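Have a look at the structure below, then the notes.
Here it is, written out as C-alpha cells:
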C-alpha cells in the first residue's frame with residue numbers, strides 16, 4: 003500500500019489514531035478515511051457549532067457568580083429534574099442498544115449515575131477489610147472518587163449516586179429531598195428538554211439515538227460545566243462557604259471522557275452499511291434544540307426575577 007499522510011482541517015474533531023491504524027492495516031481505504039474526515043467536518047459545523055454550545059447566555063451569566071439565592075435554588079431545582087429524568091433516557095438507551103458493546107457503553111453511564119464507582123483496573127483496590135464503615139461510606143464522595151475506569155468491578159455506594167451529590171448542594175441552599183428532582187418541580191421548558199431526552203437519546207432507532215448521544219456528550223464536554231463551577235465557586239468564596247460543589251467539579255472533570263467514548267462509538271457505526279447520516283444529524287439537531295429550550299428557559303426565568 004502506498005504511504006500516505008492523513009490530514010484534517012478540523013478544529014476539534016480529528017481523525018483518531020484508531021482510524022489511522024485501521025487504514026494502515028488495510029481495513030479502511032484512503033477514500034473511506036477521507037469521506038469520514040469530511041463527515042467529521044460536517045458534524046463539527048452542524049452540531050458542535052450550535053449556538054447553545056458556543057454562546058450559552060445563561061451559563062455565561064451564571065459564571066460571574068451574581069445569582070441570588072432564589073435564582074440559585076431555582077437553578078438547582080430545575081437541574082435536579084433534568085438529572086433525575088436523564089436516568090429514564092439512559093435506561094431506554096441501554097434497552098434499545100443495537101449491539102452488546104453499545105449496551106455496555108450505555109450501562110457505564112447509567113450505573114455510574116446510580117452509584118457504581120468507576121474502577122480503574124490499573125490501580126489496585128487494596129485491602130478494604132481495614133477500612134471503617136465511615137471510610138467505606140466516604141468512597142461515594144465525589145471529591146474522592148475517580149473519573150476514569152469502568153463500572154465493571156466497581157463498588158456501588160448509595161452516596162455515590164449523582165442525585166445524592168446534587169442533594170448535598172441543594173441542602174446548602176435550604177432545599178431537601180422532597181423539594182427537588184420530581185417532574186412536578188420542573189418548568190415547562192425543563193420538562194420539554196427531559197421529554198426530548200427520553201424520545202431522542204433513548205430512541206429505539208439506533209441512528210437517532212447515536213446522533214442525540216453524540217450531541218449530548220459533546221455539549222456536556224464543551225465548557226458549560228466550567229462556567230457553572232466558576233459561578234458557584236465565587237458564590238462559595240463570597241457568600242456560602244459551606245456550599246458543597248463536588249457534584250459540579252466532578253462532572254467538569256469527567257465529561258471529556260464521555261465525549262471521547264461517543265467519538266469511538268461513532269467510528270464503530272459509521273462504516274456499517276446501514277449507517278444513516280440523515281437520521282444521525284436529525285437526532286443531534288433535535289436534541290440540541292431541546293437543550294437550548296432548557297437553558298433559554300432558565301435565562302428568561304432569571305431575567306424575569308424568578309422567585
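Numbering (the numbering used here), first residue to last: 3 to 309.
Don't be surprised by glycine CBs; every beta carbon is placed ideally from N, CA and C.
No experiment lies behind these values; they were computed from the predicted model shown.
Buried versus exposed call for residue 61 [16 or more other C-beta atoms within 10 Å across all chains shown]: buried
Residue 196, enclosing alpha helix (DSSP H) - first and last residue: 190–198
contact_flag[the stretch 239–252, the stretch 167–174] where n(CB pairs < 8 angstroms) is 3 or more: yes
Alpha helix (DSSP H) segments (min. 4 residues) lying fully within the stretch 148–233: Fully enclosed alpha helix (DSSP H) runs of 4 or longer: 164–173, 190–198 and 208–222.
Same chain, Cβ closer than 6 angstroms to residue 110, neighbours up to 5 away in sequence not counted: 153
Residues sharing a beta bridge with residue 83, DSSP: Residue 83 pairs with nothing; no bridge assigned.
Residue 297 versus residue 248: straight-line alpha-carbon distance, rounded: Here the alpha carbon of residue 297 sits roughly 22 angstroms from the alpha carbon of residue 248.
Where residue 244 sits in the DSSP three-state scheme: coil
When 171, 27, 101 and 48 are compared against residue 243, the one with the closest alpha-carbon: 171
Residue 233 versus residue 225 - alpha carbon distance: 13 angstroms
Whole-number beta carbon distance between residue 194 and residue 295, since they are thought to touch under 8 angstroms: 5 angstroms
Residues bridged to residue 121 [DSSP beta-bridge criterion]: Per DSSP, 152.
Cβ pair count under 8 angstroms reaching 3, the stretch 201–209 against the stretch 88–104: yes
Straight-line Cα distance separating residue 305 from residue 155: Approximately 47 angstroms, taken between the alpha carbons.
Coarse secondary structure for residue 13, derived from DSSP in three states: Unreliable placement is indicated for residue 13, whose pLDDT of 42 sits below 50; no coordinate value is reported for it.
Same chain, Cβ closer than 6 angstroms to residue 236, five either side skipped, listed in chain order: 67
Assigned secondary structure, residue 306 (DSSP; H/G/I helix, E/B strand, else coil): coil
Span of the alpha helix (DSSP H) around residue 113: 102–116
Assigned exposure category for residue 240 - 16 Cβ within 10 Å defines buried: exposed
Beta-carbon contacts of residue 158 that lie in its chain and below 6 angstroms, excluding the five residues immediately before and after: Here residue 158 has 117 and 118 as same chain residues with Cβ atoms under 6 angstroms from its own Cβ, once five neighbours each way along the sequence are excluded.
N- and C-terminal bounds of the alpha helix (DSSP H) containing residue 43: 32–45
Cutoff 7 angstroms; reference residue 6; Cβ partners in own chain excluding five residues on either side: Only weak support is given to the placement of residue 6: the predicted model assigns it a pLDDT of 40, under 50, and the value that follows is read from those uncertain coordinates. Contacts found: 32.
Exposure of residue 279, with buried meaning 16 or more beta-carbon neighbours within 10 Å: exposed
Where residue 276 sits in the DSSP three-state scheme: coil
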